[in-house]
Structures are given as structure tokens and as C-alpha cells.
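Structure first, commentary second.
2 protein chains.
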Amino acid sequence: MLKTLIIGNGNVASHFIKAFTKAGTIEATQLDSRKIDTISDYDVIVIAISDDVIATVSEKLKDTTSLVVHTSGTVAMNVLQTKRKGVFYPLQTFTKDKSVDFSKIPFCIEATNATDLQILSTLAKALDVKAYEISTEQRKKLHIAAVFVNNFTNHMYTIGKDICDEHQVPFEILLPLIEETAKKVKELSPKEAQTGPAKRNDIETIQSHLENLNLHQQEIYSLLTKSIQEN
Amino acid sequence: MLKTLIIGNGNVASHFIKAFTKAGTIEATQLDSRKIDTISDYDVIVIAISDDVIATVSEKLKDTTSLVVHTSGTVAMNVLQTKRKGVFYPLQTFTKDKSVDFSKIPFCIEATNATDLQILSTLAKALDVKAYEISTEQRKKLHIAAVFVNNFTNHMYTIGKDICDEHQVPFEILLPLIEETAKKVKELSPKEAQTGPAKRNDIETIQSHLENLNLHQQEIYSLLTKSIQEN
Chain A
1 MLKTLIIGNG
11 NVASHFIKAF
21 TKAGTIEATQ
31 LDSRKIDTIS
41 DYDVIVIAIS
51 DDVIATVSEK
61 LKDTTSLVVH
71 TSGTVAMNVL
81 QTKRKGVFYP
91 LQTFTKDKSV
101 DFSKIPFCIE
111 ATNATDLQIL
121 STLAKALDVK
131 AYEISTEQRK
141 KLHIAAVFVN
151 NFTNHMYTIG
161 KDICDEHQVP
171 FEILLPLIEE
181 TAKKVKELSP
191 KEAQTGPAKR
201 NDIETIQSHL
211 ENLNLHQQEI
221 YSLLTKSIQE
231 N
Chain B
1001 MLKTLIIGNG
1011 NVASHFIKAF
1021 TKAGTIEATQ
1031 LDSRKIDTIS
1041 DYDVIVIAIS
1051 DDVIATVSEK
1061 LKDTTSLVVH
1071 TSGTVAMNVL
1081 QTKRKGVFYP
1091 LQTFTKDKSV
1101 DFSKIPFCIE
1111 ATNATDLQIL
1121 STLAKALDVK
1131 AYEISTEQRK
1141 KLHIAAVFVN
1151 NFTNHMYTIG
1161 KDICDEHQVP
1171 FEILLPLIEE
1181 TAKKVKELSP
1191 KEAQTGPAKR
1201 NDIETIQSHL
1211 ENLNLHQQEI
1221 YSLLTKSIQE
1231 N
């Protein structure tokens, strides 16, 4: 059995406690970060709280000999003020009240030595998730890449919906296309999967599209078209 | 039985003939567009060929009394030089050699009168697909919206992969996030689903991300961040 403590009571902590409890070989306890007092020994203590309070909360754990990890995509491992430190970062978007298939989430793990890294591997295996050894520096870049494929992609959906709404076209017509676009890059690299007027250099269609957009949309359309053509 | 003729031998025509043949209540014949000579009567003749030759090929069908439709997202219905005309446009991205679940494809249908529209509804029903009555003008806007949610989204994936490659991070770590982002907008509007530093107006993270990107990526990051903030 892996003896674990999850500190935090937000969104990520809730998803964690649910998944940890479900796994057969993990014993999990949850604790509010304001209630840290004397802490007994654990195999792993997981701090699942907001980025900006990770350092402060870890300060309260500076006497423990347990391995302490945070779950953030952006915070460096070394902000942890504990003797043993690590990262156990799930690369997924968690929405409150929407269940997530935990087994599909890739975890980025980091530690200061091979023994602690092995403990995090064992924890990932117990949760039946895939773990990738990723440094603080790489995790930072991965987080930026995630902004493009998640936040900016979602904004493309917003603009698509704006165009539909303006012309009384139901946005749901686009949902199967959105799904297929996401699926395609499992089989092809995104560069190979690229289609459309920009890729074909179809000047006439590009021109006609621009004439049908507002100034704000035109600016985005032009920049991304140029970017596809130069890629 | 619906008696149909599919003209063309490209990507879309192949997907069509496969799906038409599979449907129990459709009789389908395929014909190369260069071999149009005398044509017998059909319930629907589907011209599934490149946008730029639709008008020319339809010219050869100007004597038929059959309903003639094209399958293009951008070409106006009225370019058809036939007596009866319509549109039967599948809103999906077809990749050669990759099978598509036809039943999930939304079809945009258009015709000049209620009788012909009804025939296209019946054809959609026989194929077990959902049909939406969409005008030429709306179809044009929908096609532009599709460029955003498909072509530009795929380009976001390309940039994400570029960042990963540059720092020896496997792109596959991002695939579950890509899939979840696409799924989320089935339940929430994209505006509600928006997360990330731009949405939170997290200036510090935005600044740090910009410092880690090349000039070209910075330009896109800045414009899309601004667009999310103004939305």
C-alpha cells in the first residue's frame, strides 16, 4: 500500500482524492491546507492548491521526511521548501462537476533523485496512468504548448460560433468537424493533417472570406493564414 | 428505392458511393465526369467534383429533368446550369484512405422548391444522417466558421508540436488535452469553456510565456490573448 496525503480542497484535490481512493493499492487521506499541524509519515504528500500559495504551504511541511510534490504546470519544483521534493502534474483541463477519465490523463513527474522518481512512477502505475519524466524547464514549455492547443483552440471555436450566431446557423453543425479535427492528429502529425485555403494558397477563397469578416476577425484570419503559408 | 447517380471519382465521390451502396433504400451508380453522354432519369444526380469544374460539368446535364445537386461548401447553388438544382454538402473533412463514420456527418441541404428539398431530406434519412436546410449565403459563412474550427485549430496543434519538438517533449502528452478540449464544447458553449492565462488576465504568466516564444509565435500569442480578453 502507498500511504498518501492530499492537501487542498479545490477542484484538482477533489479529482485526486476520488481517483486515489478508487485505486486498490493507495491509502489516501485529504487535509485542508489551513489545518496542517503535526503531520505523520506518508509515502507521498500531494499539495493540490493554487500556484501562488504552494511555497507558503510547503513551508509548514519543512520538517517532514516524506516526499512532498505539487501538481502545478507552471511552478518550479524548487519552490517547495521541503527536504524531499517533486512534481506530479496531470496535463488535463479539469472542469468542476464534470467527471474526467483519470486513466487517460498523462502525468508529468519530476524529483531530485532516482528513488523519489521511482515512488512517483509507482504512484502513477497504481492510478493506472501514463507518467512522463519532465524537467521543470520542459514542463514550462509544455504548459505554453497547452495554451495553444487548449486555450487558443477553444477561442477558434468561439469565433466559429460567433460567425454561426450572426447568420442564424446552428453551431452544432460544426461539432463533428471539431471532433474529427482533434482525432486526426492521433494518426497524422498536425503539419500533415493541415488542409484549407491557406494551405492550398487559394487566394480567391481567402479574399472572399476576408470580405465576409469583421475587422477583428480579419486580423486573426490574416495572421493565421500567413503563418500556415510560412510553415 | 431512391435511384441515384454519383458523378466524380475523387475522394468525396468514393466516400459517397460507399455510403450510398451500404444504405438499404438507395440504388447508386458512379460515373466519371468525362464520360457524361446521354443520361437516363434519376431521383438525384450528385456531382461530387472540384469546385472549379462544377459549372462546366453541370452544363452537360442541362437537358436532364432529374434533380442535380453539388456537394461543395463554397459554390453557390445557382452555378448549376440544370433545370432542377440543389446542394447536398457534407460538413466534414475527408481524408483519403481514412474511413469516416458517415452517420455522424451533418449535411447542409438546399433546393429551389419544397418538393426537391423533400427529396434531399429523404436521401439524408436513407443515409441515416442529419440534414440542415442552409441557404447559399449561410453555407458560405459556415464554411468560413469551419476554417476557424478546423484549419486554424489544426495550426494551433502545429505550433504546440513545434514547441514540444524544440524542447524534446513528446507531443503525444498533449493528445488527451486536445480531445477533451474538443469534447467540452458539446456540453458548454466555447465562451463558457474558455480557461487559461488570457481569460484570467494573468499578466505575469502571459509575460513569462511571451519571453519563451520566438517572434512569430509571440505575434500569434499576443493577438489571440488580446482577442480572448476583449471577447
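Listed in order, the protein sequences are those of chains A and B. Take the first sequence: its letter number 4 is residue 4 in our numbering, and every next letter is one higher. Start counting at 1 in the second sequence, then tack on 1000, and there's your number in our numbering. Here a beta-carbon is modelled for each residue, glycine too, at the ideal position from N, C-alpha and C.
- Looking at A:Gln92, A:Gln168, A:Thr74 and A:Asn151, the one whose alpha-carbon comes closest to that of Thr1205 (chain B) is A:Thr74.
- A Cβ-Cβ distance of about 14 angstroms is found for the pair Ser1058 (chain B) and Val1044 (chain B), leaving them out of contact under the 8 angstroms criterion.
- With a cutoff of 9 angstroms on beta-carbon distance, Ala23 (chain A) and Asp116 (chain A) are scored as not near each other.
- Under a 10 Å Cβ-count criterion, Pro176 (chain A) is classified as buried, with 16 or more other Cβ atoms of the shown protein chains found around its own Cβ.
- Listed by position along chain A, the residues whose Cβ is nearer than 7 angstroms to that of Ala1146 (chain B) are Leu174 and Leu177.
- What Lys1018 (chain B) touches in chain A, judged by beta-carbon distance under 8 angstroms, is nothing: the nearest beta carbon there is about 17 angstroms away.
- Two segments are said to touch when three or more pairs of C-beta atoms, one from each, lie closer than 8 angstroms; by this definition the region 1074-1083 of chain B touches the region 1133-1145 of chain B.
- By alpha-carbon distance to Ile203 (chain A), the top candidate from A:Ser222, A:Gln217, A:Phe16 and A:Glu187 is A:Ser222.
- At a cut-off of 9 angstroms between C-beta atoms, Ser14 (chain A) does not count as an interface residue with respect to chain B.
- Boundaries of the beta strand (DSSP E) harbouring Ala1111 (chain B): Phe1107 to Ala1111, taken from the DSSP string.
- Here the alpha carbon of Asp1032 (chain B) sits roughly 9 angstroms from the alpha carbon of Ile1006 (chain B).
- Look at the region 1073-1107 of chain B: the residues with a C-beta under 8 angstroms from a C-beta of chain A are Thr1074, Leu1091, Gln1092, Thr1093, Thr1095, Lys1098, Val1100, Lys1104, Ile1105 and Pro1106.
- When C-beta distances to chain A are compared with 7 angstroms, every residue of the region 1030-1041 of chain B stays at or above that value.
- Runs of the alpha helix (DSSP H) lying entirely within the region 1003-1090 of chain B and spanning at least 4 residues, in chain order: 1011-1022 and 1054-1059.
- Taking the Cβ atoms as the reference, Thr1056 (chain B) lies roughly 17 angstroms from Lys1083 (chain B), outside the contact range of under 8 angstroms.
- According to the DSSP assignment, Glu1133 (chain B) belongs to the beta strand (DSSP E) that extends over Ala1131 to Glu1133.
- Interface flag for Ile1203 (chain B) against chain A is unset, since no Cβ pair is found closer than 9 angstroms.
- Within a 10 Å sphere around the beta-carbon of Glu1187 (chain B) sit fewer than 16 other beta-carbons, which makes this residue exposed.
- Put simply, the backbone Cα of Ile105 (chain A) is about 11 angstroms away from that of Tyr132 (chain A).
- Between Gln1194 (chain B) and chain A, the shortest Cβ-Cβ separation is below 9 angstroms.
- In the structure shown, His209 (chain A) falls within a helical segment according to DSSP collapsed to helix, strand and coil.
- Collapsing the DSSP output to three states places Lys1186 (chain B) in coil.
- Shown here, Leu127 (chain A) sits in coil according to DSSP, grouped into three states, outside any helix or strand.
- DSSP places Lys1141 (chain B) in the uninterrupted alpha helix (DSSP H) bounded by Thr1136 to Ala1146.
- Exposed is the label assigned to Glu192 (chain A), since fewer than 16 other Cβ atoms lie within 10 Å of its Cβ.
- Under the Cβ criterion of 9 angstroms, Gly1160 (chain B) is counted among the residues facing chain A.
- Counting only the Cα atoms, Ser227 (chain A) lies some 15 angstroms from Phe152 (chain A).
- Within chain B, the residues placing a beta-carbon under 7 angstroms from that of Ala198 (chain A) are Asn1151, ordered along the chain.
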